[in-house]
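Visitor: Take a look at this one; I'll ask things after.
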């Protein structure tokens, strides 16, 4: 925390106030089809009330459909697959349900 606060030019207490509470659990959600095409996390996937991808019309996933491991930081997705079981994001598309639109 100290190094991060130095890098950002903020006091450690200011930085702690900017971070979510430890007791708060935020699920990382993604569209596997989007991520298979371009490995960039979209902020809109995290917005409350957004349950599907506006491009592919697939429900957003918050965990690997095979091993049920929740998605963590997008920076860990560089390999293009689940960090636990290795299922590729491109194969997760078939596990994400389309809403038919």
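Numbering (the working numbering), first residue to last: 6 to 106. Built from N, CA and C at the ideal position, the CB exists for glycine as well.
Short of 6 Å in beta carbon distance, which residues of its chain neighbour residue 20, apart from the five on each side in sequence? Order them along the chain.
Guide: Here the set comprises 10.
Visitor: Among 101, 46, 34, 100, whose alpha-carbon lies nearest the alpha-carbon of residue 124?
Guide: Lying outside 6 to 106, the shown extent of the chain, residue 124 is not represented and no answer is given.
Visitor: Distance, Cα to Cα, residue 56 vs residue 90?
Guide: Their backbone Cα atoms lie some 24 Å apart in a straight line.
Visitor: For residue 19, name the three-state secondary structure that DSSP assigns.
Guide: Of the three classes helix, strand and coil, the one that applies to residue 19 here is helix, per DSSP.
Visitor: Candidates 98, 16, 7: which alpha carbon is nearest residue 60's?
Guide: Comparing Cα positions, the closest option is 98.
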